[in-house]
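Chemist: Numbers 1 to 151, taken from the numbering used here, label the letters of the sequence shown in order. For glycine and all other residues, C-beta sits at the position ideal for the given N, C-alpha and C. Please read these numbers as outputs of a predicted model, since none were measured by experiment.
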Amino acid sequence: MNKIKAVLAFFAVFLTASVGGAIWFPFVPLSDHTMAKDVNITRWDPVYRTYSFSPTDDQAVSWIRFARDLQPHQMEWRWYAPNGQLYARSYAVVPPKDFTSGDWAGKAWSAIQIRGCAPERMQGTWRVDIHRDWKKVKSEWFNIGGQYVSC
Numbered sequence: 001m002n003k004i005k006a007v008l009a010f011f012a013v014f015l016t017a018s019v020g021g022a023i024w025f026p027f028v029p030l031s032d033h034t035m036a037k038d039v040n041i042t043r044w045d046p047v048y049r050t051y052s053f054s055p056t057d058d059q060a061v062s063w064i065r066f067a068r069d070l071q072p073h074q075m076e077w078r079w080y081a082p083n084g085q086l087y088a089r090s091y092a093v094v095p096p097k098d099f100t101s102g103d104w105a106g107k108a109w110s111a112i113q114i115r116g117c118a119p120e121r122m123q124g125t126w127r128v129d130i131h132r133d134w135k136k137v138k139s140e141w142f143n144i145g146g147q148y149v150s151c
């Protein structure tokens with residue numbers, strides 16, 4: 001009888017996760033992240049994934065995807081220059097899960113301009129911290145000019 005209860009409890013949790021979304025997770029169900037040179041606007045997917053950028057590149061894009069749930073989520077990117085100083089902040093909102101389209105993926109991105117702006121002259125290893133609902137979920141290191149050296 002205890003085995004039956006355990007199996008039923010497992011299926012109840014499984015169904016809740018797949019029907020109601022990831023709202024019961026105590027963590028962010030992150031499924032993909034990268035730096036890239038651009039984003040495909042129609043699909044919101046990264047274009048040319050890389051962690052090395054040239055001073056002549058237009059921009060550096062931080063892109064993230066996670067499982068959406070029934071709540072909207074506030075996203076924030078904090079961009080840090082090679083000297084460790086905060087360079088820029090940007091914000092976005094990921095809407096709640098859309099049951100009519102079946103779109104489970106919460107994709108969001110932010111970018112800093114490189115060419116013609118200060119990052120063109122601020123070469124070195126940069127960092128971007130990604131926050132969801134004011135909690136840091138990921139840090140990415142990337143390089144502008146020179147070779148990328150991972151931490």
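Is it buried or exposed for residue 92, if we count other Cβ within 10 angstroms and need 16 for buried?
Modeler: Looking at its Cβ environment, which holds fewer than 16 other Cβ atoms inside 10 Å, residue 92 is exposed.
Chemist: I need the straight-line Cα distance from residue 71 to residue 134, nearest angstrom please.
Modeler: Those two C-alpha atoms are separated by around 14 angstroms.
Chemist: Using the three-state DSSP reduction, which class does residue 36 fall into: helix, strand or coil?
Modeler: DSSP places residue 36 in strand when its eight states are reduced to three.
Chemist: Does the stretch 56 to 71 come close enough to the stretch 32 to 44 that 3 or more CB-CB pairs lie under 8 angstroms?
Modeler: Touching, yes, given that three or more Cβ pairs across the two stretches are closer than 8 angstroms.
Chemist: With contact counted as at least three CB pairs below 8 angstroms, one residue from each stretch, are the stretch 129 to 144 and the stretch 36 to 43 in contact?
Modeler: Counting Cβ pairs under 8 angstroms, fewer than three are found: no touch.
Chemist: So, with DSSP's three-state summary, where would you put residue 81?
Modeler: Note: residue 81 maps to coil in three-state DSSP.
Chemist: Using only the alpha-carbon positions, how far apart do residue 59 and residue 45 sit?
Modeler: Spanning the two alpha carbons is a distance of roughly 15 angstroms.
Chemist: Closest to residue 53 by CA distance: which of 136, 124 and 139 is it?
Modeler: Cα-wise, what sits closest to residue 53 is 124.
Chemist: Can you tell which of 86, 112, 76 and 73 has its C-alpha closest to the C-alpha of residue 56?
Modeler: That would be 112, whose Cα lies nearest to the Cα of residue 56.
Chemist: Cβ atoms of residue 126 and residue 144: under 8 angstroms apart, would you say?
Modeler: Closer than 8 angstroms, so yes.
Chemist: Work out the CA separation of residue 117 and residue 67 for me, nearest whole Å.
Modeler: Going from the Cα of residue 67 to the Cα of residue 117 covers about 34 angstroms.
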